[in-house]
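Using numbering that gives the first Met the number 0, the letters of the sequence shown map in sequence onto residues 0 to 443.
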Amino acid sequence: MQCLHSMDIFSYQSTCEFMCEEGYTLRDFSSSTLFCRATGRWNDSQPTCESKTGLNLLRTFFYYNIIKCKPEDVTSPDHASVHCSHPHENFSYDSQCEYSCEEGYELKGSSTTRCTSTTEWSSKPPTCELVRCPELIEPQKGQMQCLHSMDIFSYQSTCEFMCEEGYTLRDSSSSTLFCRATGRWNDSQPTCESKTDHASVHCSHPYGNFSYDSQCEYSCEEGYELKGSSTTRCTSTTEWSSKPPTCELVQCLELISPQDGKMHCQHPIGRFSYQSTCEFMCEEGYTLRDSSSSTLFCRATGRWNDSQPTCEIIHCPALDSHVNGELSCTSSFKYGSKCSFSCAEGFHLQGASEISCTKAARWSQEPPRCEAVLCPQLSEPINGHMNCSSEEPTFGTFCIFSCYEGHQLEDQSKEIVMCNYNGSWSGEVAVCQGKQLFTIWLMK
C-alpha cells in the first residue's frame, strides 16, 4: 500500500494505491486506488490479496499467508545431494534448491528448481547417471584385461594391455588405462606393433638369390636398438644361421620431478624413450641448477642430452655488517628473507630501513647507509676565536670559544659547545664583550 496525504494522514483527499506480491492478485475491490471523500468515507472497500491458485490471502498492513510447495518433491536422488535456500519460510514461494552429483556421476535434468506462485516446483528433480567412457577393444596381436568396479567401461574401470611375443605396445604412454570422472580415459588406447618393424635388411647372393652362402644384414632405424644377430647366412642345411633380430625402441632413464619444482614431459613414441622431451620448472623463489638446459630430450644413444636439473633456493648477495649501525636478517640471504637496518646514536639512516631478497636474486632496494648527524655551521664570535675538534660539525664535535685581548666571555659556562646526536648544539655561540677599566683614586 502506498499513500499520499495532501493535508493530513488518512484525511480528506488522501489517496492509497494497493499492489500484491508476485503470485497474488487483488480481490474485494472495484479499484486499486482508494481516496478519502468529504463524507469521511473511502470511495470503495479495502482490497485484499488472494493467491492466484485460489488460496485466500488476507493482507492487511503486516500479515499474510505465503504460498508453500511440497518438500517431499525435492528429495535427494541416488548419488546426489540437494541444498535449498529459503528467502521467506521453508519450502515457500521463491525457495530455491540446487542439486549436485557425487564424483563419477553426471547430472541429467535441471540442476536447480524454484517454488513458484502455483505451489509447484519449476522443474522435476534430476537424476545422477554413472559416467561412462568409450568402449575399448582388444588390440590385434595383444590382450586386454579389464576390471569394472561399478559397471562396464564406466567411472573407475581399469584396463591393462599386453602384447604377444615379438610385439610391443605403442600409441600410449601407459599400459593401464582408467576411466576418469570426466568420461575420458587417462590416455589413448595402445596398439601392438611388431618388434621387427623399424628395421631394414640388405642381402648379398654369391650364387643365386637366397641360395647357399647368401648373407643378409639387418639394421634398425634411428632410435631403435637391434636385439639379436645382425647377420644371417644360408647354410648347407637349407636353414638360415640365425633367427631375424628385433628392433626395440631405445629407452632413457626415467626422470622424476625435482623437489620444489615441476616436470612436464612429452612422449611421442614411448614413455621416457627416444624423442621424449621433459621440461623442468622451479617454484617461485627457486632456480634450476646442475644442468645447462631446462629441457632434456632422449637421444638415440639412450642418454639424455644433459643431466637432470634440480631446484635450489635463490640467494641474494651477502650484506656486510653495517658501519655505524646494526643489520638483522630473518635468514641467510635466501629468497624471501628480510633484513632490517638501524643506526648507532648520532647517525641517521639514509635509505630504506628494511629490504627483502626477491626472486630475481636481487635485493628489493639498495642497502641503506648510516650517515653522521650534522649540526649547523657555527661562525666565530665577534671579537673572538673558535677552535673545533673537526672541520665538519658531526655528532661529538666540540668547539671552544676565546676572546681577543681586551675582551672576555660574557658567560664562562658557554666557552665550550658540543654537537648533540639530534643535530643541535649544546649551546649558542659565545659573546665576547670589552673588559671594564677601573680607575683607582689615591687620597692624599
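Just so it is clear, CB atoms sit at the ideal spot from N, CA and C, and this is done for glycine as well.
Cβ-Cβ separation, residue j to residue i (assumed contact under 8 Å), whole Å
i      : j      : result
PRO380 : VAL430 : 6 Å
ARG12  : PHE34  : This sequence places Gln at residue 12; Arg is not what is there. So it is a contact: roughly 7 Å between Cβ atoms.
LYS337 : GLY284 : Going by Cβ atoms, the distance from LYS337 to GLY284 rounds to 13 Å, so no, they are not a contact pair.
ASP196 : CYS162 : Their Cβ separation, rounded to whole angstroms, is 12 Å, which puts ASP196 and CYS162 out of contact at 8 Å.
CYS369 : CYS342 : 4 Å
PRO243 : TYR206 : No, PRO243 and TYR206 are not in contact; Cβ-Cβ is about 22 Å, not under 8 Å.
SER187 : ASP212 : Rounded, the Cβ-Cβ distance is 47 Å, inconsistent with contact.
TYR420 : GLU311 : Rounded, the Cβ-Cβ distance is 44 Å, inconsistent with contact.
SER241 : THR234 : Not really, about 10 Å apart at Cβ, beyond 8 Å.
ALA180 : GLU253 : In fact, because the Cβ distance is near 28 Å, the residues do not count as touching under 8 Å.
HIS347 : GLY383 : Actually they do not touch by this definition, with Cβ atoms about 32 Å apart.
VAL479 : THR393 : Any answer about residue 479 is impossible in this case: the structure gives the chain only from 0 up to 443.
HIS266 : SER339 : Contact doesn't hold; Cβ gap of about 50 Å is too wide.
GLY335 : CYS356 : 6 Å
N- and C-terminal bounds of the beta strand (DSSP E) containing residue i
i      : result
VAL454 : What is shown of the chain runs 0 to 443, which leaves residue 454 out entirely.
LYS226 : 223 to 226
ALA360 : No beta strand (DSSP E) contains ALA360, which DSSP labels as neither H nor E.
GLU16  : 14 to 16
SER99  : 95 to 100
LYS107 : 104 to 107
MET280 : 276 to 281
VAL81  : 79 to 84
THR38  : That residue, THR38, is in no beta strand (DSSP E); it is neither H nor E in DSSP.
ILE312 : 309 to 312
THR231 : 230 to 232
THR32  : 32 to 34
ARG288 : 285 to 288
HIS87  : No beta strand (DSSP E) contains HIS87, which DSSP labels as neither H nor E.
CYS264 : 260 to 265
Three-state secondary structure (DSSP) of residue i
i      : result
GLU159 : strand
GLN139 : coil
GLY411 : The question names Gly, yet the displayed sequence has Gln at residue 411. Reduced to three states, the DSSP call for GLN411 is helix.
GLU71  : helix
GLU238 : coil
GLY383 : strand
PHE9   : coil
LEU56  : Low local confidence applies: a pLDDT of 39 at LEU56 is under 50, so the model's placement there is unreliable, with the coordinate-based value given in what follows. In this structure, LEU56 counts as coil in the three-state DSSP scheme.
TYR23  : strand
PHE177 : strand
TYR92  : coil
TYR62  : For TYR62, the predicted structure reports a pLDDT of 41, less than 50, and the residue's modelled location is therefore unreliable. A value from the coordinates is still provided. Looking at TYR62 - three-state DSSP - the assignment turns out to be coil, as it is neither helix nor strand.
LYS434 : coil
HIS406 : strand
CYS369 : strand
ILE439 : The pLDDT assigned to ILE439 is 49, lower than 50, so where the model puts this residue is not dependable, and the model offers no usable value.
SER153 : strand
SER272 : strand
HIS4   : coil
PHE332 : coil
LEU377 : coil
Bridge-paired residues (DSSP) for residue i
i      : result
GLU191 : According to the sequence shown, residue 191 is Cys rather than Glu. Paired residue(s): LEU168.
LEU248 : TYR223
LYS123 : Bridge partners of LYS123: none, in fact.
VAL322 : VAL322 is not bridged to any residue.
LYS337 : SER355
SER389 : The partner list for SER389 (beta bridge, DSSP) is empty, contrary to what the question assumes.
PHE397 : MET417
ARG298 : Per DSSP, none; premise fails for ARG298.
CYS132 : Answer by DSSP bridge pairing: none, since CYS132 is not bridged.
GLU216 : HIS201 and THR230
ARG113 : GLN95
Buried versus exposed call for residue i [16 or more other C-beta atoms within 10 Å across all chains shown]
i      : result
THR138 : Checking the displayed sequence, the identity of residue 138 turns out to be Pro instead of Thr. When all chains shown are included, PRO138 counts as buried.
ALA37  : exposed
VAL322 : exposed
TYR403 : exposed
TRP440 : Note on TRP440: pLDDT 49, under 50, position unreliable in the model; no value is reported.
TYR192 : Note that residue 192 corresponds to Glu in the displayed sequence, not to Tyr. Label assigned to GLU192: buried.
GLY433 : exposed
ILE66  : buried
PRO375 : exposed
PRO133 : exposed
THR167 : buried
LEU3   : exposed
PHE400 : buried
THR237 : exposed
ILE8   : exposed
PRO316 : exposed
PRO125 : buried
SER47  : The sequence given here has Thr at residue 47, not Ser. Answer is buried; the Cβ neighbour count reaches 16.
Near the ligand FMN: residue i beta-carbon under 6 Å from a heavy atom
i      : result
ARG270 : Annotation note on the ligand FMN: not contained in the displayed structure, which lists no ligands.
CB contact below 7 Å: residue i versus chain D
i      : result
LEU168 : In summary, chain D is missing from the structure at hand, where a single protein chain is found.
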